[in-house]
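The end of the sequence shown is residue 350 by my numbering, with every number in the run present. Worksheet for the structure shown next.
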Amino acid sequence: MKDIFSKRLLSARKQAGLSQDQLVELIGGVVKKTSIARYERGEMMPELAVLDVLAKSLGMKPEDFFRPVLIELDMETINLNSQLGARREEKIRQLIRSFLERYLELEQLTGTINTYNNPFGNNPLLSTDNAESMAAAFTLKWNNGNPFYRNVLQLLESKGVYIILPEEDPVIDSLSVTVNHSTGLPVVLLNRRLDILNMRKAALEEMARLMFSFPEGMSQSETHRLCTQFATAVLLPNESLVQELGLNRTRVSITELEILRDKYGLPLQSVLQRAFHTEIISRYTYFKLMEEVKEKETETESETDMQENKAGQRIELPVRFMQLLQKALSEELISPGKATELSRTGNFHIIH
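So, in structure tokens, the structure goes:
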């Protein structure tokens, strides 16, 4: 019991982004830092009154400190687009653990097996030379060759990927990680403040990080650009772009780009970048149009607002967790109270 409590307290403190000193201050000095340290080392247990204060201060229930620890994160495989401080990075790791533990418990209760198989096998090399062909292969393998992706997040869920949308701002737009649990669980975390189109793109960028390896010595920014090339090529393939716009265009209207944005579901700037990358437009035309796009977004309204105001706006959210929760309730595998407990996923967005 001491071992479980020590791990839970340590995890909760790090998830809250607190040092031991800050936790002592948060609980009003009920115990000293030395006691917190001994709790976390498993050397002693708090009195019930102290346990209640700790739980309340950390947004937990006392019994949460005694749930068995089901998973461990592989600390070496977390993929970050930008550098974070050690405490923030650890906080994100604990958020992921909190989410997955409840998710795995729900899968166990419902007898559900979630299997992920890398469609490309053993993490082949992704490069600027093969990004387009790899994108086409991805569409063939996971979307039956259909260039139109109706719902990216739910497609990834159906293939065994765990999608997380934190309620709180995770500082970064997205990250991915493989969790050490049996054969490994692929996790994609997305900032829920992203608009739908950027969320679709970011999810596929993270899938590239999970599915592929990258050239030795490639910088973080170069890797990100390569993942973006793959993601946007998945959403708007060369063949589709040429079919829609033609070849060697000297002029392209913003309206044409907006039509492709809405039809294929990727950000307006990404559509423009694809047109330039496939040499449909010149460098001069690209930069001229990019200025117009940025000016329009600034002077009128954000792309998020424009999308929300459109009829038939895309609604894409992960739904698998809630489906499993409703199944467990319908079959009386869990009580309403247990459902509430499982839904409290440590500041993670659960659809009600």
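All C-beta atoms in this analysis are idealised placements derived from N, C-alpha and C, irrespective of residue type, glycine included. Model, not experiment: these values are computed from the prediction.
Terminal residues of the continuous alpha helix (DSSP H) containing residue i?
i, result
"S232", "The question names Ser, but residue 232 is Val in the sequence shown. V232 -> alpha helix (DSSP H) spans Q218 to L233."
"I162", "Where I162 is concerned, there is no enclosing alpha helix (DSSP H), although the beta strand (DSSP E) it sits in stretches over Y160 to I162."
"P184", "P184 -> not in any alpha helix (DSSP H); beta strand (DSSP E) instead, spanning L183 to L188."
"K30", "From DSSP, K30 is part of no alpha helix (DSSP H); its letter is neither H nor E."
"R191", "It is not in any alpha helix (DSSP H) - R191 carries neither H nor E in the DSSP assignment."
"P145", "Segment: none, P145 is in no alpha helix (DSSP H) and carries neither H nor E."
"Y114", "Taken as a continuous stretch (DSSP letters only), Y114 belongs to no alpha helix (DSSP H), as it is neither H nor E."
"A10", "K0 to Q13"
"T248", "Per DSSP, T248 belongs to no alpha helix (DSSP H) and is neither H nor E."
"K59", "Counting along the chain, K59 falls outside any alpha helix (DSSP H), and DSSP gives it neither H nor E."
"I94", "A84 to T108"
"K353", "Residue numbering for the chain in the displayed model covers -1 to 350; residue 353 lies beyond these limits and cannot be assessed."
Of all the options the options, which has the alpha carbon lying nearest to the alpha carbon of residue i?
i, options, result
"F352", "L154, M132, V169 and R249", "As displayed, the chain neither begins before -1 nor continues past 350, which places residue 352 out of reach and without an answer."
"V317", "I161, P60 and T126", "I161"
"K139", "Q271, L151 and N115", "N115"
"R393", "G215, C225 and L243", "Because the chain spans -1 through 350 in this model, residue 393 falls outside it and cannot be assessed."
"L266", "L49, A135, R11 and D193", "D193"
"E254", "L195, S328 and L287", "L287"
"S4", "M205, V28, A35 and K30", "A35"
"K294", "M320, G109 and I252", "I252"
"S216", "S33, E329 and L124", "Contrary to the premise, residue 216 reads as Met rather than Ser in this sequence. It is L124 whose Cα lies nearest to the Cα of M216."
"P213", "G40, A129 and N149", "A129"
What number of angstroms, rounded off, separates the C-alpha of residue i from the C-alpha of residue j?
i, j, result
"I278", "L188", "32 Å"
"K325", "V250", "50 Å"
"N120", "M209", "8 Å"
"S9", "Q18", "12 Å"
"E306", "V232", "Confidence in E306 is poor, its pLDDT being 45 and thus under 50, which makes the residue's placement unreliable; the coordinate value appears in the next sentence. Their backbone Cα atoms lie some 24 Å apart in a straight line."
"E256", "T296", "16 Å"
"I332", "K157", "26 Å"
"E45", "L340", "26 Å"
"N141", "K199", "16 Å"
"F64", "M58", "11 Å"
"T338", "L258", "42 Å"
"L270", "A14", "40 Å"
"A183", "L173", "Here residue 183 turns out to be Leu, not Ala, going by the sequence shown. Cα-Cα distance, rounded: 14 Å."
"M351", "K30", "Residue 351 falls outside the range modelled here, since the chain spans only -1 to 350, and no answer is possible."
"I94", "K292", "35 Å"
"L82", "T176", "18 Å"
"D127", "L151", "27 Å"
"M304", "L195", "Bear in mind that the predicted position of M304 carries a pLDDT of just 46, short of 50, making it unreliable; the figure below should be weighed with that in mind. In a straight line, the C-alpha of M304 is about 11 Å away from that of L195."
Exposed or buried, what is residue i when buried is set at 16 or more other beta-carbons lying within 10 Å of its beta-carbon?
i, result
"F97", "buried"
"E203", "buried"
"L52", "buried"
"M197", "buried"
"L263", "A small fix is needed here, since residue 263 is Gly in this sequence, not Leu. Buried is the call here."
"I111", "exposed"
"S219", "exposed"
"E99", "buried"
"K308", "Here the model assigns K308 a pLDDT of 47, short of 50, so the residue's position is not dependable, and the following value carries that caveat. K308 should be labelled exposed."
"P164", "buried"
"R191", "exposed"
"Q92", "buried"
"Y282", "exposed"
"M(-1)", "exposed"
"N246", "exposed"
Consider the C-beta atom of residue i and the heavy atoms of the ligand SAH; say whether any pair is separated by less than 8 Å.
i, result
"A201", "The ligand SAH is absent from the structure shown, which contains no ligands of any kind."
For the beta strand (DSSP E) that residue i lies in, which residues bound it at each end?
i, result
"N178", "S172 to N178"
>> Quick check: the segment 231 to 248 against the segment 134 to 146, are at least 3 beta-carbon pairs closer than 8 Å?
In response: yes
> Would the segment 101 to 113 and the segment 10 to 28 be scored as touching if the rule is three or more Cβ pairs under 8 Å?
Replying inline: no
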